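Okay, so here's the structure we're looking at.
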Amino acid sequence: MAREVDMRKFRISLGLVLLALAGIVVWIAWEPSANALIAWLALWPAAAVLVWKAFAAFAGRITPSRTAPQSPLPTRPGMPQTPTNPPWSPGSPDALSSPIVSPDQKPLDTGTPPPAVRTDYLDVMQEAGKAAKSALIVMARVMVVLVLCIFVPGILIVFFVGMSSLFQGKIPEAASAFLVVGWLGWYCWGPLRDFWNAGGDAETRTDKHETAPSGRTVAVSTPRTDGRETASSSRTAAVDAPRMSLPEEFLLLSHGRHGNVHDHDRSVVGCAAAELGELALRRRLRLAPHWMINFWGITCFFTTAEIHVLDLTPTGIGWADDLLTELGRLSAPEGHPASDPTRTASPSRPILLQRWLRLRGDRAFLLHREAMIERGLLFYSPGFRPEHEERHYPDAALRTMLIDWLRAVNSAEVPADEQSLLLRDLVDGAGLNKELGLNRSIRQLRDQIRRTGTVAAVPKDMENTSDLLTLSFPRRMPVGTNADAGNDDGDDGGE
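Following this line, the structure appears as structure tokens:
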């Protein structure tokens, strides 16, 4: 009885609040304004949405949403995170007791009534806010439709006027008309499109669960309490998320769920570039152009990118230390060999990036792929027949977690750090954006070019390194060979 009284009070209160909001909107729209005719026309659909929501509340179709505990934002797989809830164990005090069943295995009613649902003004205001947001979204989209109804005929008229002027030989008039058409088209495709999508952030972009190769169900978009172990209220099985380096993360994303590699040549170049990115994260090197200028907040690079070795101190990682040794040998000035133990400062000779990528060839790709197979991050399949192509299947759960983290960074749900910036730019250079669902809006591209928004906190030298690594991806680049590497071995130093 108490539950019915609370729900009736909630429905009546919410319906009255929504009717009051609809009345305010109607009162504002009652006096049309010549200066804001489009906004006035959009107010009436917003009022209709509020009235419809009010009657839905009276009919009991809107119930108070139970606010779940705030979940942490998606994190990079392997990154430690402070637990919010302890893992569930059968012996814990809050463990669910087994239901009482009859001999025919049907649950029996224990006579305990369900807990009463308490509602207060906070629930009413929360649902009223959701309804108001829906009304604002409808109002904004109606305004976009009205503006398009004006702009589209205008664009067609101006276009035909420009074509007529062009056929008549009136070049200045035709050029002016085409400029107007271009600007109106950009405005419809850019700002108006962003305005239309302004209220679509709450839509779910990823599935809730995905099945791992071992058959375990892994929570992807559900709250995760730790980078290695998930302890959700639904007791979903957790997946072990090991710490991965930047080349391993790039390779995991480059391999599709069918075991194939997205553009082998680009993946080879991207893996070698990711190795340099990992050393840049550890402050062992940086990339810089020979010359660059800053034009209205946009950095323009000229000539070839160069690798500047900053520190030859070992990292404790085998492949990274071998890479540092080779880079140190190539960048050592004359008369000061790389084997000198006192030489840990910045060397004087930079290394051309493109020459290094040709020298590295596919060694980075093969090295890290073999290491990932040994760690269980990739699953090797030689094929059922000799003529079948071998495949390498990525860990589906771990790959989905990584994509989920990149999407959160791409949509500005979490701030971009140095590692996310490097990985996102490498994915962009490899042409994986569309496949991974990382397409960016015009505003995000503008922020990326001007280095504002979520990437503003990244150091400038790391921004330049990430940009230059992205620009190192060619359209089609053959994999380097040892013979090619030998030709460049003598003059890999900078000028």
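Using full-length UniProt numbering, read the sequence shown as starting at 1 and increasing by one per residue.
A virtual CB, placed ideally from N, CA and C, is assigned to each residue, including glycine.
In this text, all values refer to a predicted model and were calculated from it rather than measured experimentally.
Check this for me: beta carbons of Leu-468 and Pro-289, under 8 Å apart or not? Residue mapping note: residue 468 aligns to position 468 of the sequence shown, counting from 1. Residue mapping note: residue 289 aligns to position 289 of the sequence shown, counting from 1. Their beta carbons are under 8 Å apart, which means Leu-468 touches Pro-289 by this criterion.
**OP:** Report yes if the C-beta distance between residue 530 and Met-462 is below 8 Å; otherwise report no.
**Re:** Outside the shown range of the chain (1 to 495) lies residue 530, about which nothing can therefore be said.
Q.
Judging by CA-CA distance, which residue of Leu-330, Leu-18, Gly-318 is the nearest neighbour of His-308?
A. For the purposes of this step, residue 308 is identified with residue 308 of the sequence shown, where counting begins at 1. Closest option to His-308, Cα to Cα, is Leu-330.
### Task
Please classify residue 549: does DSSP put it in a helix, a strand, or coil?
What is shown of the chain runs 1 to 495, which leaves residue 549 out entirely.
Discussion item. Within 10 Å of its beta-carbon, does Glu-306 have 16 or more other beta-carbons around it, so buried, or fewer, so exposed?
Written reply: By one-based count along the sequence shown, residue 306 stands at place 306. Buried, by the Cβ-count rule.
By DSSP, does His-392 sit in helix, in strand, or in coil?
Within the sequence shown, residue 392 is the residue found at index 392, counting from 1. Secondary structure at His-392: strand, using DSSP grouped into helix, strand and coil.
*Opposite Arg-286 in the DSSP bridges: which residues?*
By 1-based counting over the sequence shown, the position of residue 286 is 286. Answer is His-308.
_Between the alpha carbons of Thr-304 and Ser-420, how many angstroms are there, rounded?_
As a first step, residue 304 is located in the sequence shown; it is residue number 304 there, counting from the start. As a first step, residue 420 is located in the sequence shown; it is residue number 420 there, counting from the start. Going by C-alpha positions, Thr-304 is about 25 Å away from Ser-420.
Q) With 16 other CB atoms within 10 Å as the buried threshold, where does Cys-271 fall? A) As a first step, residue 271 must be located in the sequence shown, where it is residue number 271. By the Cβ-count criterion, Cys-271 is buried, with 16 or more other Cβ atoms from all chains shown falling within 10 Å of its own Cβ.
request  = Please determine, among Arg-193, Met-244, Asp-311, Phe-379, the residue with the shortest C-alpha to C-alpha distance to Gly-256.
outcome  = Sequence index remark: in the sequence shown, residue 256 carries index 256 (1-based). Taking only the C-alpha atoms, the option nearest Gly-256 is Phe-379.
Which term fits Val-152, buried or exposed, when burial requires 16 or more other beta carbons within 10 angstroms of its beta carbon? Along the sequence shown, read from residue 1 onward, the residue named residue 152 stands at position 152. Within 10 angstroms of the beta-carbon of Val-152 lie fewer than 16 other beta-carbons, which makes it exposed.
- prompt: Quick one: what's got a C-beta closer than 8 Å to Val-51's C-beta in the same chain, skipping five residues either side?
  reply: Counting from one through the sequence shown, the residue named residue 51 turns up at place 51. Setting aside the 5 residues that flank it on each side, Val-51 is surrounded in the same chain by Leu-18, Leu-19, Ala-22, each with a C-beta closer than 8 Å to its C-beta; the list follows chain order.
* Indicate whether Leu-436 and Leu-253 have their beta-carbon atoms separated by less than 8 Å. => Looking up residue 436 in the sequence shown gives position 436. Looking up residue 253 in the sequence shown gives position 253. Their beta carbons are under 8 Å apart, which means Leu-436 touches Leu-253 by this criterion.
Could you check which residue in Pro-382, Trp-30, Ile-12, Pro-45 has the C-alpha nearest to that of Ala-57?
Translated into positions along the sequence shown, residue 57 becomes position 57. Ranking Pro-382, Trp-30, Ile-12, Pro-45 by Cα distance to Ala-57 puts Ile-12 first.
Bridge-paired residues (DSSP) for residue 498: In the structure as shown, the chain starts at 1 and stops at 495, and residue 498 therefore has no counterpart that could be examined.
- request: Output the distance between the C-alpha atoms of Glu-390 and Lys-130, rounded to the nearest integer angstrom.
  value: Working through the sequence shown from its first residue, we reach residue 390 at position 390. Working through the sequence shown from its first residue, we reach residue 130 at position 130. Counting only the Cα atoms, Lys-130 lies some 52 Å from Glu-390.
**Request:** Round the Cβ separation of Ser-472 and Phe-365 to the nearest angstrom and send it over; I've been treating them as touching at under 8 Å.
**Result:** Residue numbering aside, residue 472 sits at position 472 when the sequence shown is read from its first letter. Residue numbering aside, residue 365 sits at position 365 when the sequence shown is read from its first letter. The pair is not a contact, with the Cβ atoms about 15 Å apart (cut-off 8 Å).
**Neighbourhood of Glu-433 by C-beta distance below 7 Å, restricted to the same chain and skipping five residues each side** = Here the question's residue 433 lines up with position 433 in the sequence shown. Residue identity differs from the one stated: residue 433 is Asn in this sequence, not Glu. If we look at Asn-433 and ignore the five residues flanking it on each side, its Cβ neighbours are Val-427, Asn-439.
Worksheet item: Per DSSP, what kind of secondary structure is His-264 in: helix, strand or coil?
Response: On the sequence shown, residue 264 is found 264 positions in, with the first residue counted as 1. If DSSP states are grouped into helix, strand and coil, His-264 belongs with the helices.
If you draw a straight line from the alpha carbon of Glu-370 to that of Leu-192, how long is it in whole angstroms?
To locate residue 370, count along the sequence shown from 1; it is residue 370. To locate residue 192, count along the sequence shown from 1; it is residue 192. CA-CA distance, Glu-370 to Leu-192, rounds to 48 Å.
Practice item. May I ask you to list the residues that DSSP assigns as paired with Leu-352? Key: Walking along the sequence shown from the start, residue 352 turns up at place 352. Its beta-bridge partners are Glu-306.
Rounded to whole angstroms, what's the CA-CA distance from residue 527 to Arg-243? Just pull it up for me.
-> Because the chain spans 1 through 495 in this model, residue 527 falls outside it and cannot be assessed.
Rounded to whole angstroms, what is the Cα-Cα separation between Val-138 and Leu-422?
Counting from 1 along the sequence shown, the entry for residue 138 is found at position 138. Counting from 1 along the sequence shown, the entry for residue 422 is found at position 422. Spanning the two alpha carbons is a distance of roughly 38 Å.
Worksheet item: Do you know offhand how far Ser-176's Cα is from Ala-430's?
Response: On the sequence shown, position 176 is the one that residue 176 refers to. On the sequence shown, position 430 is the one that residue 430 refers to. About 39 Å.
I believe Val-147 touches Val-181 by the beta-carbon criterion, under 8 Å. Please report the beta-carbon distance rounded to the nearest angstrom. Against the sequence shown, residue 147 aligns to sequence position 147. Against the sequence shown, residue 181 aligns to sequence position 181. Incorrect: roughly 16 Å between the Cβ atoms, too far for contact.
Collapsed DSSP secondary structure at His-255 in the structure displayed:
For the purposes of this step, residue 255 is identified with residue 255 of the sequence shown, where counting begins at 1. Strand, per DSSP.
| query | Who are the Cβ neighbours of Ile-28 in its own chain at under 7 Å, not counting the five residues just before and after it? | reply | In the sequence shown, counting from the first residue as 1, residue 28 sits at position 28. Closer than 7 Å at Cβ, skipping near neighbours: Leu-43.
Margin query: Can you tell me where the alpha helix (DSSP H) holding Phe-473 begins and where it ends?
Written below: Taking the first residue of the sequence shown as position 1, residue 473 is located at position 473. First-last for Phe-473: undefined, no H or E at that position.
task = Compute the Euclidean distance between the alpha carbons of Ala-128 and Pro-247, then round it to the nearest angstrom.
result = By 1-based counting over the sequence shown, the position of residue 128 is 128. By 1-based counting over the sequence shown, the position of residue 247 is 247. The straight-line gap from Cα to Cα measures roughly 48 Å.
Exercise. Below 7 Å CB to CB, which residues in the same chain sit around Val-49 once its five sequence neighbours on both sides are set aside?
Key: The residue given as residue 49 occupies position 49 in the sequence shown. Apart from sequence neighbours up to five positions away, the residues of its chain that approach Val-49 with a beta-carbon distance below 7 Å are Ser-134, Ala-135, Val-138, ordered along the chain.
Between which two residues does the alpha helix (DSSP H) containing Lys-434 stretch?
Position 434 of the sequence shown holds residue 434. Here the alpha helix (DSSP H) through Lys-434 covers 433-436.
**Message:** Let's see if you can read the secondary structure: which residues bound the alpha helix (DSSP H) around Glu-413?
**Reply:** Counted from its first residue, the sequence shown places residue 413 at position 413. No alpha helix (DSSP H) holds Glu-413; DSSP gives it neither H nor E.
Inset, instruction - Check whether the Cβ atoms of Ser-411 and Tyr-393 sit closer than 8 Å, and answer yes or no. - result: Position 411 of the sequence shown, counting from 1, holds the residue named residue 411. Position 393 of the sequence shown, counting from 1, holds the residue named residue 393. No. Outside cutoff.
For Leu-312 and Arg-286, which I take to be in contact (beta-carbon distance under 8 Å), what is that distance rounded to the nearest angstrom? Here residue 312 refers to the residue found at position 312 of the sequence shown. Here residue 286 refers to the residue found at position 286 of the sequence shown. Between Arg-286 and Leu-312 the Cβ distance is about 14 Å, and since that is not below 8 Å, they are no contact.
In whole angstroms, what is the alpha-carbon distance linking Lys-460 and His-258?
In the sequence shown, counting from the first residue as 1, residue 460 sits at position 460. In the sequence shown, counting from the first residue as 1, residue 258 sits at position 258. Whole-angstrom Cα-Cα distance: 38 Å.
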